[in-house]
Amino acid sequence: MSATVRLQVNGQPVEVPAGASVAAAVAHWTLHFRTSVSGETRAPLCGMGVCFECRVRIDGVAHQRACITPARDGMQVDSHD
Amino acid sequence: MTERYDVLVVGAGPAGLAAAGTAAAHGARVGLLDAQPRAGGQVWRHDVRKPAPRAAREAIAALHGVNLLAQHSVIASEDGALRVETPEGSALLTYGALVLATGARELLLPFPGWTLPGVSGAGGLQALTKQGWPVAGKRVVIAGSGPLLLAAAATLRAHGAKVVGIHEQASPDSVHAFARQLLHWPARAAQALSLRARLMGVPYRFGSIVRHAHGEDAVRVVEIEDAHGTACVDCDLLAVGYGLVPNVELAQLLGCALDHAPTHPHVQVDELLRTSVPAVFAAGEACGIGGLAAARIEGAIAGHMASGHADEARVLLPERDRARRFGALLARHFAPGSRVHALATPQTLICRCEDVTLGALDGYADARDAKLATRCGMGACQGRICGTALAELGRFPRGAGRPPLFPARLATLAGLATSPSDDASRSTT
């Protein structure tokens with residue numbers, strides 16, 4: 001599969017294969033997905049939508065699970081919440 | 001919006017695909033829903049780099065007339081209906097019969113450093129990698145228990161990762177006894193040999209566990225202990241998974257009886273996969289970890305049953321029994337040992353949502369008391385990770401769930417006939 005998707009992660013452009021997750025796109029720039037209640041940096045644990053460690057803001061909507069959200073052209077993803 | 005189905009199947013993995021295809025072949029109007037964007041479940045998860053296995057392609061191609069409802073999460077149950085949330089909104093799906101094919105998740109156990117970025121489940125990293133997570137050139141340590149470690153390693157290697165080592169916690173004796181049993185399962189033996197061939201040159205150690213992950217902003221070094229002592233290994237990613245546990249939250253919400261033995265609950269079903277609730281069937285891993293073959297055959301049985309064809313379901317029972325025996329074999333030889341249960345220290349975070357340490361739970365008799373006092377299990381994952389880990393560690397069994405099954409938007413909750421807080425107050429008093 002050669003088709004790709006272009007989106008922005010924290011304002012930076014990323015290109016991933018079609019079918020890739022938002023989590024994969026974020027990981028091209030950073031492993032900082034969310035900040036825990038005590039201030040730790042967290043990244044995906046379960047990879048399948050269960051643990052909620054990969055929550056990011058997508059197109060302005062907070063708390064989206066990056067691992068079960070497909071990356072789409074033009075998405076604005078923010079992992080600095 | 002309300003949609004009506006004769007048969008509604010929850011979970012589009014191998015069991016759910018088989019159930020939906022079978023029920024639709026009998027002429028039923030079938031809906032097949034899954035929280036993921038594509039059908040296939042975990043074991044047949046789409047890989048951006050390569051085509052799906054033939055069995056997966058065939059199962060998906062056989063869904064003639066089935067309404068595939070991707071990115072649908074079940075939030076709550078109402079009388080004969082499920083309330084689901086989608087990226088666009090919510091819907092009420094009513095059903096004549098319901099098949100629970102909710103599958104399994106990975107057993108993830110706490111150890112010092114397990115919250116560092118770069119530390120994930122083994123099946124977890126495999127899933128992320130299949131969906132484009134960048135691993136090319138990365139040094140990966142894989143650890144935990146069971147054959148899934150080999151499957152994860154093979155996927156990672158195919159995507160260009162350098163697998164530094166695979167560390168199986170089960171003892172050499174246990175793994176060798178399992179390997180001898182594989183002689184009775186030629187297809188499984190062939191699969192194991194093919195995996196080993198794809199992992200040529202990768203060390204595969206038994207009786208070996210990851211004790212500690214170190215790093216500042218991400219994992220950099222892991223401490224590995226085996227019979228010969230402890231060694232430190234540099235890596236970029238660490239993937240640790242201790243096998244699988246059934247997803248029973250929806251079954252529990254529907255009031256289906258669960259079997260709690262030995263450690264993690266599974267849905268109780270009779271020979272023909274009927275749960276304790278009329279018109280609700282369960283198939284595959286939700287009924288206890290049995291593996292891919294058991295999931296596929298049980299999916300077909302449940303599909304026949306849910307569309308009223310018990311005779312055709314009965315024909316499949318011998319095949320089902322044989323497949324189930326393989327699952328029992330895995331459980332016997334790869335169960336996490338006491339060294340694994342002792343990895344977390346009092347300072348180790350156990351609840352990753354609310355950042356509660358294991359030590360903070362001392363003195364509480366059950367999950368509910370601990371939750372009320374410490375917030376353990378109160379976060380977004382609703383105790384799926386920490387509650388399961390605490391049960392495995394022998395602290396206390398997981399507390400009962402309550403709606404919403406997953407965090408939901410207010411607009412979705414507003415559509416419910418009964419407010420979740422009403423349900424919750426009833427279920428806890």
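So the protein lines, in turn, are chains A and B. Going by the working numbering, the first residue of the first sequence is number 1, and it counts up by one from there. Going by the working numbering, the first residue of the second sequence is number 1, and it counts up by one from there. Even for Gly, the Cβ is constructed at its ideal location relative to N, Cα and C.
query: Which first and last residues belong to the alpha helix (DSSP H) in which Arg211 of chain B is found?
result: Note, Arg211 of chain B: premise wrong, no alpha helix (DSSP H); beta strand (DSSP E) at 209-214.
query: Which partner residues of Ala344 of chain B appear in the DSSP bridge assignment?
result: Answer is none; Ala344 of chain B lacks a bridge partner.
task: Identify the contact partners of Thr115 of chain B in chain A, using a Cβ-Cβ distance below 7 Å as the criterion.
output: Glu40, Arg42
- prompt: Between B:Arg324, B:Leu125, B:Gly123, B:Gly241, which lies nearest to Pro110 of chain B when the distance is taken from Cα to Cα?
  reply: B:Gly241
message: Within the continuous beta strand (DSSP E) that includes Glu319 of chain B, where are the two ends?
response: Unbroken run through Glu319 of chain B is the alpha helix (DSSP H), 317-334; no beta strand (DSSP E).
task: Alpha carbon to alpha carbon, how far is His304 of chain B from Arg314 of chain B? Give it in angstroms, no decimals.
output: Distance between the alpha carbons of Arg314 of chain B and His304 of chain B: 9 Å.
query: I think Gly49 of chain A touches His46 of chain B, with their Cβ atoms under 8 Å apart; what is that distance to the nearest whole Å?
result: Actually they are not in contact, since the Cβ atoms of Gly49 of chain A and His46 of chain B sit about 14 Å apart, beyond 8 Å.
query: Does the Cβ of Pro14 of chain B have 16 or more other Cβ atoms within 10 Å, making it buried, or fewer, making it exposed?
result: buried
- prompt: Hey, which unbroken runs of the beta strand (DSSP E) at 3 residues or more fall wholly within the region 110-188 of chain B?
  reply: 139-144, 162-168
At least three beta-carbon pairs within less than 8 Å, the region 295-304 of chain B to the region 264-280 of chain B: Contact holds: three or more Cβ-Cβ distances are below 8 Å.
task: Show which residues of chain A have a CB atom less than 7 Å away from the CB atom of Cys381 of chain B.
output: Val50, Cys51, Phe52
- prompt: Can you list the residues of chain E that Asp355 of chain B reaches, using a CB-CB cut of under 8 Å?
  reply: Chain labels in this structure do not include chain E; the protein chains are A and B.
- prompt: Any idea what DSSP makes of Ala424 of chain B, helix, strand or coil?
  reply: Confidence in Ala424 of chain B is poor, its pLDDT being 41 and thus under 50, which makes the residue's placement unreliable; the coordinate value appears in the next sentence. Residue state, collapsed to three classes: helix.
Partners in chain B for Leu31 of chain A, counting only beta-carbon separations shorter than 7 Å: Pro117, Gly118, Ala218
- request: Since I believe Asp234 of chain B is in contact with Val221 of chain B (beta carbons under 8 Å), could you give me their beta-carbon distance rounded to a whole number of angstroms?
  value: 6 Å
Three-state secondary structure assigned by DSSP to Gly191 of chain B: It is worth fixing the name first, because residue 191 of chain B is Gln in this sequence and not Gly. Helix at Gln191 of chain B.
- request: Compare the C-beta of Pro13 of chain A against all C-beta atoms of chain B and say whether one is closer than 8 Å.
  value: Pro13 of chain A does not count as touching chain B.
query: Are the C-beta of Val16 of chain A and some C-beta of chain B separated by less than 8 Å?
result: yes
query: So which of B:Tyr95, B:Ala52, B:Ala104, B:Leu82 has the shortest CA-CA distance to Asn247 of chain B?
result: B:Ala104
- prompt: Does Gly65 of chain B come within less than 8 Å of chain A when only Cβ atoms are used?
  reply: no
message: Quick check: the Cα distance between Ala3 of chain A and Val48 of chain B, rounded to an integer number of angstroms?
response: It is roughly 10 Å from the alpha-carbon of Ala3 of chain A to the alpha-carbon of Val48 of chain B.
field: Straight-line Cα distance separating Pro44 of chain A from Ala197 of chain B
entry: Cα to Cα, the separation comes out at about 30 Å.
Helix, strand or coil at Glu225 of chain B [DSSP, three-state]: In the structure shown, the three-state DSSP call for Glu225 of chain B is strand.
- request: Could you name the residues of the region 38-60 of chain B whose beta carbon sits closer than 7 Å to any beta carbon of chain A, in the order they occur along the chain?
  value: Answer set for the region 38-60 of chain B: Gln42, His46, Val48.
- prompt: Where does the unbroken beta strand (DSSP E) through Leu358 of chain B begin, and where does it stop?
  reply: Note, Leu358 of chain B: premise wrong, no beta strand (DSSP E); not H, not E.
message: Under 8 Å, with one C-beta from each stretch per pair, do the region 151-162 of chain B and the region 249-256 of chain B reach the 3-pair mark?
response: no
message: Would Val10 of chain B and Leu33 of chain B qualify as a contact pair, given that the criterion is a beta-carbon distance under 8 Å?
response: yes
task: Would you identify the three-state DSSP class for Ser79 of chain A, choosing helix, strand or coil?
output: coil
task: Assign Glu40 of chain A to one of three DSSP states: helix, strand, or coil.
output: coil
query: Does the Cβ of Ala97 of chain B have 16 or more other Cβ atoms within 10 Å, making it buried, or fewer, making it exposed?
result: buried
query: If you run the structure through DSSP and keep just helix, strand and coil, what is Cys67 of chain A?
result: In the structure shown, Cys67 of chain A falls within a helical segment according to DSSP collapsed to helix, strand and coil.
query: Would a C-beta distance cut-off of 8 Å place Val163 of chain B and Leu238 of chain B closer than the cut-off?
result: no
message: Could you check whether the Cβ of Pro134 of chain B sits closer than 8 Å to any Cβ belonging to chain A?
response: yes
task: Using a Cβ cut-off of 7 Å, pull out every chain A residue sitting near Glu106 of chain B, in sequence order please.
output: For a Cβ distance threshold of 7 Å, residue set Cys46 of chain A lies close to Glu106 of chain B, ordered along the chain.
task: List the residues that DSSP assigns as beta-bridge partners of Pro262 of chain B.
output: Answer is none; Pro262 of chain B lacks a bridge partner.
The region 361-371 of chain B / the region 53-68 of chain A touching (three or more Cβ pairs under 8 Å): no
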